[in-house]
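Okay, so the sequence shown: first residue is 507 according to the numbering used here, each after it adds one. Here a beta-carbon is modelled for each residue, glycine too, at the ideal position from N, C-alpha and C. For reference, the structure discussed in these notes is given below.
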Amino acid sequence: MPILQVDKVRGEGGEEEIQVVDAPALPTWEADTPFAVVGRPQQRADGAEKVTGRARYAYDIRLPGQLYARVLRSPHPHARVRRVDTSRAAALPGVRAVLSSADAPEIAWYQDSALFDRTVRFVGDEVAAVAAESEEIADDALRLIEVEYEPLPFVVGLDAALRPGAPPVREGGNLAGEPTKYERGDVEAALRGAAVVVEREFTTQTALHNCFEPHGCTAMWEGGRLTLWDSTQSIFDVREGVAGKLGLPQGRVRVIKQYMGGGFGSKQIAWKHTAIAALLAKRAGRPVQLMLDREAENLAAGNRNATRQRLRLGAKRDGELVAIDVEIVQETGAHQIGGEGSNTHGIYERLYRCPNVRTEQRVVYSNAGPAVAFRAPGYVEGAFALEQTMDELARELGLDPLDLRLRNYADTDQQGDKPYTAPDGLRHCYERATETFGWHGWQRPPADGPKRRGIGLAAHDWGGMGSPPGYAWVKLNGDGTVDVVTGTHDIGTGTRTGLAQVAAEELGLPFEAVTLYLGDTANGPYAPVSSGSATQATIGPAIRAAAADAKRQLLEVAAAMLEARPEDLRVRQGQISVAGAPDRAVPVAEVTGAIDPHMIQAQGSCPQLPSDKSIRTFGAQCVEVEVDTETGEVTLLRVVAAHDCGRIINPTAVDSQVVGGVTQGIGFALSEERIVDAGSGIVLNANLEEYKVPTVADVPPVEHARVGVPDPEANPTGAKGIGEPPLIPTAPAIANAIFDATGVRIRHAPLSRQKLVAALQAQGAAGRGMPGSNGQGGQG
507 MPILQVDKVR GEGGEEEIQV VDAPALPTWE ADTPFAVVGR PQQRADGAEK
557 VTGRARYAYD IRLPGQLYAR VLRSPHPHAR VRRVDTSRAA ALPGVRAVLS
607 SADAPEIAWY QDSALFDRTV RFVGDEVAAV AAESEEIADD ALRLIEVEYE
657 PLPFVVGLDA ALRPGAPPVR EGGNLAGEPT KYERGDVEAA LRGAAVVVER
707 EFTTQTALHN CFEPHGCTAM WEGGRLTLWD STQSIFDVRE GVAGKLGLPQ
757 GRVRVIKQYM GGGFGSKQIA WKHTAIAALL AKRAGRPVQL MLDREAENLA
807 AGNRNATRQR LRLGAKRDGE LVAIDVEIVQ ETGAHQIGGE GSNTHGIYER
857 LYRCPNVRTE QRVVYSNAGP AVAFRAPGYV EGAFALEQTM DELARELGLD
907 PLDLRLRNYA DTDQQGDKPY TAPDGLRHCY ERATETFGWH GWQRPPADGP
957 KRRGIGLAAH DWGGMGSPPG YAWVKLNGDG TVDVVTGTHD IGTGTRTGLA
1007 QVAAEELGLP FEAVTLYLGD TANGPYAPVS SGSATQATIG PAIRAAAADA
1057 KRQLLEVAAA MLEARPEDLR VRQGQISVAG APDRAVPVAE VTGAIDPHMI
1107 QAQGSCPQLP SDKSIRTFGA QCVEVEVDTE TGEVTLLRVV AAHDCGRIIN
1157 PTAVDSQVVG GVTQGIGFAL SEERIVDAGS GIVLNANLEE YKVPTVADVP
1207 PVEHARVGVP DPEANPTGAK GIGEPPLIPT APAIANAIFD ATGVRIRHAP
1257 LSRQKLVAAL QAQGAAGRGM PGSNGQGGQG
């Protein structure tokens, strides 16, 4: 089966260009297909390896002669490095290599002119690095490095960075390029004619990824070839980035990532530490492992950027939206790496039907660690503001918040003016979430002393559609088992399992017959970064295409053995039989064994997306909270989440992703915030003691009201992504529930106890009471 179609086309300037188009897609599985593997709960294919410790993560790599590296980081938020003296560190017994701005190759990285730039721009910026026989020796060596700094003026936070005359983080000022703008219709005219206009300002905090496994890499040279065991979401991007920076052909750089303890978007680029490990290994002539500790992870390896959003919603008296207008400012830190927050405006442009929409988004530098993509980047921040303002609009109009959302339901992509492949996707989510929750029948219980209860609702849209290029190989072994090889990654989400289920289903084999090999640039075809909730929707169709071709070859061989036509054969649970004559059958292993050592193998690719449709995922969540009005403590009593992710390949994995996303949403809503001291630029909570990640005690039972409607136009498996969406609506749903319980609206995340108590005290001083239930979902 061909995987590529290459055409010559005329470019805009009239010149000929090569256009590569992936092969046409297979027909989508029919909704009534009697699945044996897909759609059934399946234990993790790699579960045994993980619980027994056989799974090798980046930190577990141990090579003969391996050294251990540490990085000296700037204590200043902004300074010139006048002098670096590493002589005492280099002389310490056990030290095998040292790098600094004094002797490192001049390699530009991010927006810096060098790997160890002579201007540091945040506390935690790289200054020097050491490789030694042990981590302890490397730590001792760092303390022997002498650095002379010239401190420079610095800025921390959005307001300080935007103040006239603020110290510039970079030449040209603190605005990173031109603002991103979008407009349709006439917003100002629509607002002037609106019956109701709600104008609000929201801020969201800087949040830290805090993956279980920090960033890190082990680098080994063999002659002119470099192998990297990197904790990354994109082995091919790391290969391309490191090869380009070090001046190597990509074929001489191999990147391996078999297991990873989470990434959440922070590991989708080639970070400085990977190149530093490679250079130290080259200089020492031995393998070098450089793993970030928790403090370095939280200083220098990315974050969800802070935002300020000023928005106006205009509506008719019946609730129909006539205008959405928002100005967004996001803090990117010292570098604009990309990914995080770049599309905060997107949810405003798409989620609701509205003829007049205007968005403007600016990016601001500050002297803090750089932002990078963080699970549903931009949409988490945007939903926090938009979905609270929708609730405020509902109250202004005397409408149930659910009714207002349904009144402005968009069954076409408002941004691109295209029909959705799943126009009822969000409607299904509203129905499943509110019916499971009992939204309309909920009654506020009597007050329990200072404790008040309330409920809230929020919705979202997201991508998760997958897209080419993405490839897979399928090979049938002589014993009837199957090897599936792809360059994608399992970043802890269960990718191995879901992809193996697709292969087993298409081939008609038991799940146990399939082994998935992934995460190695030298032993697998190209796959894109595992981000955007797109892995299952990109590589799943590629695997199905390869499996379909392999099955075609298998049936041709079996047809000769069974004296039948290939089109009359069926494969199920490892048996090939003639349709209508089940007694004429042969095991798959007997067919593959008959031609062994000849091999059945095939390659498949992800098909092109439909050009005339928009593929999106959707979700809605309902929450119930109890608020102690004396202490400000918020207790989540219940969360119901409904998310449209197309066909559910593995219900167990989907449930797990929903619970994980909601958990991070709870942290974003109530407790998580990077705190930087404005006077020193020092991060005060770059650890897991002061940075408050939710624990099991903070998370209520999460009820996943599965939707699971296949999207046949999305791709040949009908599945879409689920990794990121469950995080998006949680925080605004909680904020709406807190207001429902107390009458207090907190517009600045996180919704901490201190903020809530202050607001409640102000409310009491103003003489405002608690809301009552009007029988419409507790929205009084």
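For Phe708, name the three-state secondary structure that DSSP assigns.
In the sequence shown, residue 708 corresponds to position 202, counting from 1. Of the three classes helix, strand and coil, the one that applies to Phe708 here is strand, per DSSP.
Below 8 Å, can you find three or more Cβ-Cβ pairs linking the stretch 901 to 916 to the stretch 834 to 846?
no
Among the candidates Ala564, Pro1157, Ala1175, whose CA atom is the shortest distance from the CA of Gly545?
Here residue 545 refers to the residue found at position 39 when the sequence shown is read from its first residue. Closest by alpha carbon: Pro1157.
Beta carbon of Ile741 nearer than 8 Å to that of Val761
By 1-based counting over the sequence shown, the position of residue 741 is 235. By 1-based counting over the sequence shown, the position of residue 761 is 255. In contact: Ile741 and Val761 (Cβ atoms closer than 8 Å).
Got a sec? Which residues, its chain only, sit under 6 Å from Ile1181 by beta carbon, not counting five neighbours each side?
Indexing the sequence shown from 1 puts residue 1181 at position 675. Excluding sequence neighbours, Ile1181 sits near Leu1190, Asn1191.
For Arg1253, I'd like the list of residues in its chain whose CB is within less than 6 Å of its CB, leaving aside the five on either flank, ordered along the chain.
On the sequence shown, position 747 is the one that residue 1253 refers to. Around Arg1253: Phe708.
The stretch 1093 to 1103 / the stretch 1043 to 1052 touching (three or more Cβ pairs under 8 Å)
no
I'd like to know whether the C-beta atoms of Asp1118 and Lys924 end up nearer to each other than 8 Å.
As a first step, residue 1118 is located in the sequence shown; it is residue number 612 there, counting from the start. As a first step, residue 924 is located in the sequence shown; it is residue number 418 there, counting from the start. For Asp1118 and Lys924, yes; Cβs fall inside 8 Å.
To the nearest angstrom, how far is the alpha carbon of Gly1275 from that of Asn873?
Reading the sequence shown from its first residue, position 769 is the one you call residue 1275. Reading the sequence shown from its first residue, position 367 is the one you call residue 873. Note that Gly1275 scores a pLDDT of 47, beneath 50, so its modelled location is shaky; the value from the coordinates is reported in the next line. Each residue's alpha carbon lies about 43 Å from the other.
If you follow the beta strand (DSSP E) that Met797 is part of, which residue opens it and which one closes it?
Residue numbering aside, residue 797 sits at position 291 when the sequence shown is read from its first letter. Taken as a continuous stretch (DSSP letters only), the beta strand (DSSP E) holding Met797 covers 794 to 797.
Quick one: what's Ser1120 bridged to in DSSP?
Position 614 of the sequence shown holds residue 1120. DSSP output for Ser1120 lists Tyr926 as bridge partner(s).
Based on Cα-Cα distance, which residue from Val1008, Lys1226, Tyr1197 lies nearest to Arg972?
The sequence position of residue 972 within the sequence shown is 466, counting from 1. It should be pointed out that residue 972 corresponds to Gly in this sequence rather than to Arg. Gly972 has its Cα closest to that of Lys1226, out of Val1008, Lys1226, Tyr1197.
DSSP three-state assignment for Asp566, whether helix, strand or coil
By one-based count along the sequence shown, residue 566 stands at place 60. It is helical.
Output the distance between the C-alpha atoms of Pro1231 and Gly757, rounded to the nearest integer angstrom.
Locating residue 1231 in the sequence shown gives position 725, counting from the first residue. Locating residue 757 in the sequence shown gives position 251, counting from the first residue. So the alpha carbons of these two residues sit roughly 36 Å apart.
Rounded Cβ spacing between Leu1015 and Val1035 (contact assumed at less than 8 Å)
By 1-based counting over the sequence shown, the position of residue 1015 is 509. By 1-based counting over the sequence shown, the position of residue 1035 is 529. In fact, because the Cβ distance is near 30 Å, the residues do not count as touching under 8 Å.
Using 8 Å as the threshold, is the stretch 647 to 657 in touch with the stretch 570 to 583, meaning 3 or more CB pairs across them?
yes
Quick one: give me the first and last residue of the alpha helix (DSSP H) that Cys935 is part of.
As a working mapping, residue 935 is identified with position 429 in the sequence shown. From DSSP, the alpha helix (DSSP H) with Cys935 extends over 931 to 943.
Could you check how far apart the C-beta atoms of His995 and Thr1001 are, in whole angstroms? I think they sit under 8 Å.
As a working mapping, residue 995 is identified with position 489 in the sequence shown. As a working mapping, residue 1001 is identified with position 495 in the sequence shown. Right, the Cβ-Cβ distance comes to about 7 Å (below 8 Å), so this counts as a contact.
From the DSSP output, in three-state form, read off Thr1098 for me.
Residue 1098 sits at position 592 when you count from the first residue of the sequence shown. The answer is helix: DSSP assigns Thr1098 an H, G or I state.
How long is the line joining the alpha carbons of Val515 and Val828, rounded to whole angstroms?
In the sequence shown, the residue the question calls residue 515 occupies position 9. In the sequence shown, the residue the question calls residue 828 occupies position 322. A caution first: Val515 carries a pLDDT of 46, below 50, which makes its placement in the model too unreliable to give a value.
List the residues that DSSP assigns as beta-bridge partners of Thr1201.
Counted from its first residue, the sequence shown places residue 1201 at position 695. According to DSSP, Thr1201 bridges with nothing at all.
For a quick check, are the C-beta atoms of Trp968 and Lys751 less than 8 Å apart?
For this step, residue 968 is matched to residue 462 along the sequence shown. For this step, residue 751 is matched to residue 245 along the sequence shown. Result no, Cβ atoms of Trp968 and Lys751 do not sit closer than 8 Å.
Own chain residues within Cβ distance below 7 Å of Val543, not counting five before or after:
As a first step, residue 543 is located in the sequence shown; it is residue number 37 there, counting from the start. Hits under 7 Å: Gln1007, Ala1010, Glu1011, Phe1017.
So Thr1027 is in the alpha helix (DSSP H); what residue range does that whole segment cover?
Here the question's residue 1027 lines up with position 521 in the sequence shown. Unbroken run through Thr1027: none, as it is neither H nor E.
Are the CB atoms of Pro1206 and Leu1143 nearer to each other than 8 Å?
Locating residue 1206 in the sequence shown gives position 700, where the first residue counts as 1. Locating residue 1143 in the sequence shown gives position 637, where the first residue counts as 1. Yes; because the gap between Cβ atoms is below 8 Å, this pair is in contact.
Decide yes or no for the touch test of the stretch 801 to 815 against the stretch 681 to 692: beta carbon pairs closer than 8 Å, at least 3 of them.
no
Starting from Gln867, trace the beta strand (DSSP E) in both directions and tell me its first and last residue.
The count along the sequence shown starts at 1 and reaches residue 867 at position 361. First-last of the beta strand (DSSP E) with Gln867: 863 to 871.
Residue burial classification, Thr1123 (beta-carbon count within 10 angstroms, cutoff 16):
Mapped onto the sequence shown, residue 1123 falls at position 617. Result: buried.
Against chain B, with Cβ distances strictly below 8 Å, would Ala1019 count as a contact?
The structure shown contains no chain B, having only a single protein chain.
With distances taken Cα to Cα, identify the nearest neighbour of Glu893 among Ala882, Leu908, Leu732, Pro883.
Within the sequence shown, numbered from 1, the residue matching residue 893 stands at position 387. Considering only alpha carbons, the answer is Leu908.
Measuring alpha carbon to alpha carbon, tell me which of Val653, Ala1184, Asp919 ends up nearest Ala595.
Working through the sequence shown from its first residue, we reach residue 595 at position 89. The option with the nearest alpha carbon to Ala595 is Val653.
Which residue's Cα is closest to the Cα of Ala1255: Ala713, Leu819, Arg1212?
Start at 1 with the first residue of the sequence shown, and residue 1255 comes out as number 749. Comparing Cα positions, the closest option is Ala713.
Under 8 Å between C-beta atoms of Leu1061 and Pro1072:
Here residue 1061 refers to the residue found at position 555 of the sequence shown. Here residue 1072 refers to the residue found at position 566 of the sequence shown. Yes, Cβ-Cβ distance for Leu1061 and Pro1072 is below 8 Å.
Taking the continuous beta strand (DSSP E) assigned at Thr686, which residues delimit it?
Numbered from its first residue, the sequence shown carries residue 686 at position 180. Run containing Thr686: 686 to 690, per the beta strand (DSSP E) assignment.
In the DSSP assignment, find the unbroken beta strand (DSSP E) run with Asp591 in it and report its ends.
In the sequence shown, residue 591 corresponds to position 85, counting from 1. Element bounds for Asp591: 585 to 591.
Roughly how far, in whole angstroms, is the beta-carbon of Ala603 from the beta-carbon of Arg789, given that I think they are within contact range, below 8 Å?
In the sequence shown, residue 603 corresponds to position 97, counting from 1. In the sequence shown, residue 789 corresponds to position 283, counting from 1. With 8 Å as the limit, Ala603 and Arg789 qualify as a contact, their Cβ atoms being about 4 Å apart.
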